[in-house]
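Worksheet for the structure shown next.
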Amino acid sequence: MTWLSVEADGPTALERVLRLRPDLRDLFTGYLGLLWSERLVDPVVLELCRLRIAQLHGDRTQALLRYDAAVAAGLTEAQAGAVASWFDAPLFTAHQKACIAYAEVFAMDVHALTDEMADAVKAGMDDAAFVAFTVALGMFDGLGRFRLVLGADEPVTAPATVPAPRPDGVLH
Amino acid sequence: MSTTPRAPSAVAGQPANLRTVLAHRPELNEAFGRLYGTMWSRGIVAPDLKETARMRNARITDCGF
Chain A
161 MTWLSVEADG PTALERVLRL RPDLRDLFTG YLGLLWSERL VDPVVLELCR
211 LRIAQLHGDR TQALLRYDAA VAAGLTEAQA GAVASWFDAP LFTAHQKACI
261 AYAEVFAMDV HALTDEMADA VKAGMDDAAF VAFTVALGMF DGLGRFRLVL
311 GADEPVTAPA TVPAPRPDGV LH
Chain B
3 MSTTPRAPSA VAGQPANLRT VLAHRPELNE AFGRLYGTMW SRGIVAPDLK
53 ETARMRNARI TDCGF
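Just so you know, the sequences run in chain order A and B. In my numbering, each residue's number is its place in the first sequence (first place is 1) plus 160. In my numbering, each residue's number is its place in the second sequence (first place is 1) plus 2.
Okay, here's the thing in structure tokens:
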């Protein structure tokens, strides 16, 4: 379902919406793509948090997609499948769990984030990576809501690997 | 919420704020500036409508800006 009466040409549902505003689409893709192409943050951590935020949004499509950059960096399907029960899952490191916890609260109630939660994330990354990580969470949260509101998602029924965002790439 | 800035300023002598914290990743800072600047300076949505939405979002999220 979409509230849009027209869509642009494009290879994915998200692109067909974003390309209605091609100047913003290119700048947005350039911004989001940097997070993945420059490896500003461990791609596995990024992907675990992206998947968890998709689950919190009730975004079944995005929760089934796996970005190739994360898979190449070591993300397993067992980990992706266990994100919803990360708290007591043995598949994640303490730092990965700290990052997922931070992502959860970021998306649900940003004022509930504590200094202790932030410190646990920063224990495994420098300030530059922490800044990039927090930017990424904002992108995942905002883009996820954008997709859901405008119906810009392909139907997916099983886990599928897709290219991670790149400055000159296609968004899924 | 944070009792102190959780990420320090990356600009010597300047306090932590959105610009100086993003400066830890200059490439992100520049890409964000291009996107955000274009969104505000051009487009087909009236500026007063964008600002109304921004202020309402800030109030709902209890953001001082």
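C-beta: ideal position from N, C-alpha, C; glycine also.
Please classify residue i as buried or exposed, where buried requires at least 16 neighbouring CB atoms within 10 angstroms.
i, result
"Tyr191 (chain A)", "buried"
"Glu237 (chain A)", "exposed"
"Asp296 (chain A)", "It should be pointed out that residue 296 (chain A) corresponds to Ala in this sequence rather than to Asp. Under this definition Ala296 (chain A) is a buried residue."
"Ile213 (chain A)", "buried"
"His271 (chain A)", "exposed"
"Ile260 (chain A)", "buried"
"Pro319 (chain A)", "exposed"
"Glu276 (chain A)", "exposed"
"Leu200 (chain A)", "buried"
"Gln256 (chain A)", "buried"
"Asp202 (chain A)", "buried"
Whole angstroms are fine: how far does the CA of residue j sit from the CA of residue i?
i, j, result
"Thr172 (chain A)", "Gly329 (chain A)", "12 Å"
"Met299 (chain A)", "Asp286 (chain A)", "20 Å"
"Thr63 (chain B)", "Gly304 (chain A)", "18 Å"
"Leu180 (chain A)", "Thr321 (chain A)", "26 Å"
"Gly302 (chain A)", "Gly66 (chain B)", "20 Å"
"Arg61 (chain B)", "Asp269 (chain A)", "14 Å"
"Arg27 (chain B)", "Thr6 (chain B)", "21 Å"
"Asn31 (chain B)", "Leu195 (chain A)", "12 Å"
"Glu29 (chain B)", "Leu164 (chain A)", "33 Å"
"Ser245 (chain A)", "Gln239 (chain A)", "10 Å"
"Glu207 (chain A)", "Phe290 (chain A)", "15 Å"
"Gly234 (chain A)", "Leu225 (chain A)", "15 Å"
"Leu174 (chain A)", "Ala14 (chain B)", "40 Å"
"Gln215 (chain A)", "Asp183 (chain A)", "30 Å"
"Leu211 (chain A)", "Ser43 (chain B)", "33 Å"
Below 8 Å on C-beta distance, what does residue i contact in chain A?
i, result
"Leu30 (chain B)", "Tyr191, Leu194, Leu195, Leu200, Val291, Ala292 and Val295"
8 Å is my cut-off, CB to CB: does residue i come that close to chain B?
i, result
"Leu174 (chain A)", "no"
"Asp287 (chain A)", "yes"
Indicate whether at least one CB of chain A lies closer than 8 Å to the CB of residue i.
i, result
"Pro10 (chain B)", "yes"
"Arg27 (chain B)", "yes"
"Ala33 (chain B)", "yes"
Along chain A, which residues have their Cβ under 9 Å away from the Cβ of residue i?
i, result
"Arg36 (chain B)", "Leu187, Gly190 and Tyr191"
"Leu24 (chain B)", "Val291 and Val295"
What does residue i reach in chain B if we use C-beta pairs closer than 7 Å?
i, result
"Val270 (chain A)", "Thr63"
Give the residues of chain B in contact with residue i, contact being defined as C-beta atoms less than 8 Å apart.
i, result
"Leu184 (chain A)", "Leu37, Thr40, Met41 and Gly45"
Thinking residue i and residue j are a contact (beta carbons under 8 Å), I'd like their distance in whole angstroms, please.
i, j, result
"Thr189 (chain A)", "Leu331 (chain A)", "6 Å"
"Val177 (chain A)", "Ala263 (chain A)", "The Cβ separation is near 25 Å, so there is no contact."
"Ala168 (chain A)", "Asp228 (chain A)", "With 8 Å as the limit, Ala168 (chain A) and Asp228 (chain A) do not qualify as a contact, their Cβ atoms being about 25 Å apart."
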